[in-house]
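Participant:
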Amino acid sequence: MMVVVGGDLEDNQRVFRELTRVGTVRSKYAMPYEQDMPIYIGRGLKIPMRELWPIVKMYV
Numbered sequence: 303m304m305v306v307v308g309g310d311l312e313d314n315q316r317v318f319r320e321l322t323r324v325g326t327v328r329s330k331y332a333m334p335y336e337q338d339m340p341i342y343i344g345r346g347l348k349i350p351m352r353e354l355w356p357i358v359k360m361y362v
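Taking our numbering, the leading residue of the sequence shown gets 303, the next gets one more, and so forth.
What follows is the structure, given as structure tokens:
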């Protein structure tokens with residue numbers, strides 16, 4: 303299981319067998335481009351985590 307914030311719906315669907323939208327990012331402190339980003343729960347990876355992680359990791 304993985305929590306996914308943002309990203310393209312079709313790209314996310316290519317990675318997970320099951321993808322459920324559970325919310326939306328809304329914050330008065332977020333930058334405009336960070337507003338209204340979807341929050342998903344992804345289950346059942348279609349590719350190994352060791353291949354996915356270098357592509358999706360992001361340090362804030």
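C-beta atoms are modelled at their ideal positions from N, C-alpha and C, and glycine is treated no differently.
Report, in whole angstroms, the separation of the C-beta atoms of T322 and D338, which I expect to be a contact under 8 Å.
Facilitator: As a working mapping, residue 322 is identified with position 20 in the sequence shown. As a working mapping, residue 338 is identified with position 36 in the sequence shown. That pair is no contact at about 18 Å.
Participant: Between the region 329-338 and the region 347-355, are three or more C-beta pairs nearer than 8 Å?
Facilitator: no
Participant: Give the single residue among R328, V324, I349 and K348 whose Cα lies nearest to the Cα of V305.
Facilitator: Residue 305 sits at position 3 when you count from the first residue of the sequence shown. Of the candidates R328, V324, I349 and K348, the one whose C-alpha sits nearest the C-alpha of V305 is V324.
Participant: What's the C-alpha gap between E312 and P350?
Facilitator: Start at 1 with the first residue of the sequence shown, and residue 312 comes out as number 10. Start at 1 with the first residue of the sequence shown, and residue 350 comes out as number 48. Distance between the alpha carbons of E312 and P350 is about 18 Å.
Participant: Can you tell me the Cβ-Cβ gap for L319 and G346, rounded? I've got them flagged as a contact below 8 Å.
Facilitator: Within the sequence shown, residue 319 is the residue found at index 17, counting from 1. Within the sequence shown, residue 346 is the residue found at index 44, counting from 1. According to the sequence displayed, residue 319 carries Arg and not Leu. Cβ atoms of R319 and G346 come within 8 Å of each other, at about 3 Å.
Participant: Please name the residue in K359, M360 and Y342 whose C-alpha comes closest to that of G308.
Facilitator: In the sequence shown, the residue the question calls residue 308 occupies position 6. The shortest Cα separation from G308 among K359, M360 and Y342 belongs to Y342.
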